[in-house]
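Enquirer: Handing you this structure, nothing more for now.
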Amino acid sequence: MSGPQVLILGAGPAGTATAIGLRRLGYAVTVISEWRRFAAVEGVSQRVLEGLQHAGLNHALDCAAPPSQRRVRWNSQESAQNVEFLLDRPLFDQGLREDLRVAGVEIVEDRVLAVESSPDGHSIRLESGTELQGDFLVEARGRQAPLNQKGGKARRGPETLSLLSRWQGEPGPVASAVESLPDGWAWMARLADGRCYWQLTLDVASSELPGKDQLPAYCRERRAASALVCEFFGTAEERDLELHARSSTAILSLGACGDNWIRVGDAAMAVDPLSGNGVFQSLSSALQAPAVINTLLQKPERAELARRFHQRRVEQLFLRFARVGRDFYADEQQWPEQPFWQARSAWPDRVASHLPADFSALSIERAPVLRDGFVDEAEVVVSPDQPLGIWHLQGLELAPWLRRLQSEPEAQVLAALPPEQRRVFQGWLLSQGYRPGQGS
Ligand code: FAD
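What follows is the structure, given as structure tokens:
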């Protein structure tokens, strides 16, 4: 296949979704990845499963456990309304590789040691000694992606550490639970075959942890002190106990796209694991990436627009999750003086996570949008809650109709729309706080 060669570093959900999107656009793609070095379980929502399907990650999707109830003990109250789907990550990652194979993507199983980039292309040095050359680079190595390339600055949340204990227990029903603690929170899950997971998330600055060798025993003591843990896992012996420590600080890359490279998934923005939205956000940035890359490669005159599109979307998504997370932390009020809760209930800022509808605050602006596989520019309607703007709603372009409403009688504007689009437009107007007669 001729044409530009795209290299993707990392075969997590972000790298895989980007690779498959690029294949659909006809690009030659090589994914270079090693396997993750530890076996974790993660919980995702129904909408992540829909996102996986949309991205063509069907083998990965098949690895999700059946829905299970998530118990939540937060601010001394217990609830169990949430349904969660558990992903056994080693199995899920194998499913992703299978999806890559089926899509005809070349996979190189190796560790990336160094990346050298110039405006003409990229040279990748691998642990096996091989060197690969490519025209365009997709950085999808997750949290391991170095931030020291061009535009390597980042915005970081409070430094956070997660300690994952994993052991073999007795078989039983699939389940998960989360509980708040004076110095952090814990998430726990068990799979049908008896594999058990308990993840303690703490503040780096204020936690006083023992040395590495003592950590498994420390975590065991913490588990023994929790009534929920004892109830959840029972009294069976913890066989083959292993512990893995990793950073879970929220990180936003302030340079997520250049003229011949892009960062997707956790490499672009890694969210606090409390949100349970990491896989969702990694798919979100990866699903838009193929059109951004297509634009950078085929329509370089639009490079600035394409870069702006990606960066703004990544930043908005990050801030939205960060603010929702902040509100959830603020709901926990048993230990407001504790450093863990103090720092997280005030970060990233005080801006409300959802702003109330205000019709008078709507404006029409030109902004980057996705059209026919490319980033293009169009008029969008910007609202306080949707700062990136809305272009289309169920096929109806909003800006021209809002403009007409601002200068023509409402009845005349509505009469000019076909019935189905009129219904869509009226529904949207009401959701924006519009009251009949408020237009022109
Ligand atoms: P990753 O999935 O991390 O994939 C990166 C890939 O790159 C891996 O295959 C890795 O092996 C490879 N790689 C890395 N370095 C190299 C190298 N040098 N050479 C070659 N290959 C390399 N999300 C949820 O949705 N639900 C949860 O419950 C959840 N819990 C979490 C708990 C914790 C403690 C943390 C830190 C995160 C959690 N997440 C959760 C987030 C989720 O794991 C990530 O958001 C998601 O996996 C990001 O996908 P990605 O494709 O960007 O990166």
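Numbering of the sequence shown is given in our numbering, commencing with residue 86 and proceeding in unit increments. Ideal Cβ placement from N, Cα and C applies to all residues, glycine included. Just so it is clear, the structure is predicted and the values come from calculations on it, not from any experiment.
1) Just verifying my parser: in three-state terms, what is the DSSP assignment at ALA102?
2) State the beta-bridge partners of HIS207 as determined by DSSP.
3) Can GLU127 be considered in contact with the ligand FAD, in the sense that its beta carbon sits closer than 7 Å to one or more heavy atoms?
4) By the three-class DSSP mapping on this structure, what secondary structure does THR320 have?
5) Assign CYS315 to buried or exposed, taking buried as 16 or more other Cβ atoms, counted over all protein chains shown, within 10 Å of its Cβ.
6) Going by CA-CA distance only, name the one from LEU285, GLN427, PRO258, ALA125 that's closest to TYR303.
7) Just how far apart, CA to CA, sit ASP522 and LEU481?
8) Suppose the cutoff is 7 Å on Cβ atoms and the five residues either side in sequence are ignored; what does the same chain contact list for PRO504 look like?
9) Could you check the C-alpha separation between GLN166 and ARG305 for me, to the nearest Å?
10) Flag this pair as touching only if the segment 413-433 and the segment 446-460 have three or more C-beta atom pairs under 8 Å; answer yes or no.
11) What residue range is occupied by the uninterrupted beta strand (DSSP E) comprising GLU264?
12) Looking only at its own chain, which residues have a Cβ that is under 6 Å from the Cβ of LEU359, when we skip the five neighbours before and after it?
13) From the DSSP output, in three-state form, read off GLU482 for me.
14) Going by beta-carbon coordinates alone, are GLY111 and GLY227 separated by less than 8 Å?
15) For VAL91, write down the residues that DSSP places opposite it in a beta bridge.
16) Please identify the residue among VAL436, GLN418, ILE475 whose C-alpha is closest to the C-alpha of ARG158.
17) Using beta-carbon positions only, say whether ARG155 and VAL263 come within less than 8 Å of one another.
18) Whose C-beta lies closer than 6 Å to the C-beta of SER213 among residues of the same chain, with five residues either side of it excluded?
19) Measuring CB atoms only, is the segment 468-480 touching the segment 436-443, in the sense that at least three cross pairs come out at less than 8 Å?
20) Suppose the cutoff is 8 Å on Cβ atoms and the five residues either side in sequence are ignored; what does the same chain contact list for LEU217 look like?
21) Using the DSSP secondary-structure output, state which residues sit across from ASP173 in a beta bridge.
22) Is PHE413 near the ligand FAD, in the sense that its beta carbon is under 7 Å from a heavy atom of that ligand?
23) Give me the DSSP bridge partner(s) of LEU249.
24) Under 8 Å, do LEU337 and GLU400 count as touching if we go by C-beta distance?
Expert: Working from what's here:
1) ALA102 falls in the helix class under three-state DSSP.
2) In the DSSP secondary-structure assignment, HIS207 is bridged to SER202, GLY219.
3) Within the cutoff, so yes.
4) DSSP places THR320 in coil when its eight states are reduced to three.
5) Burial call: exposed.
6) With distances taken between CA atoms, TYR303 lies nearest to LEU285 out of LEU285, GLN427, PRO258, ALA125.
7) One point to set straight first is that residue 522 is Gly, not Asp, in the sequence displayed. Whole-angstrom Cα-Cα distance: 22 Å.
8) Counting only Cβ-Cβ distances below 7 Å, and skipping sequence neighbours, we find nothing.
9) Our two residues, GLN166 and ARG305, have alpha carbons roughly 28 Å apart in a direct line.
10) No: fewer than three Cβ pairs fall under 8 Å.
11) Element bounds for GLU264: 260-266.
12) Closer than 6 Å at the Cβ level, and outside the excluded window around LEU359, lie GLY410.
13) Correct three-state label for GLU482: strand.
14) The beta carbons of GLY111 and GLY227 sit no closer together than 8 Å.
15) DSSP lists VAL114, PHE221 as the beta-bridge partner residues of VAL91.
16) Per the Cα distances, GLN418.
17) In this structure, VAL263 lies closer than 8 Å to ARG155 by Cβ.
18) If you ignore the 5 residues before and after SER213, its C-beta comes within less than 6 Å of the C-beta of ASP195, all in its own chain and listed in chain order.
19) Judged by Cβ distances under 8 Å, the segment 468-480 makes contact with the segment 436-443, as three or more pairs qualify.
20) Annotation for LEU217: LEU92, THR115, ILE117, VAL193, SER208, ILE209, LEU211 place their beta carbon closer than 8 Å to its own, counting only its chain and skipping 5 residues before and after.
21) Answer by DSSP bridge pairing, in chain order: VAL126.
22) No; taking the cut-off as 7 Å, the Cβ of PHE413 has no heavy atom of the ligand FAD nearer than that.
23) LEU249 is bridged to GLN284, HIS329.
24) By the CB criterion at 8 Å, LEU337 and GLU400 fall inside the cutoff.
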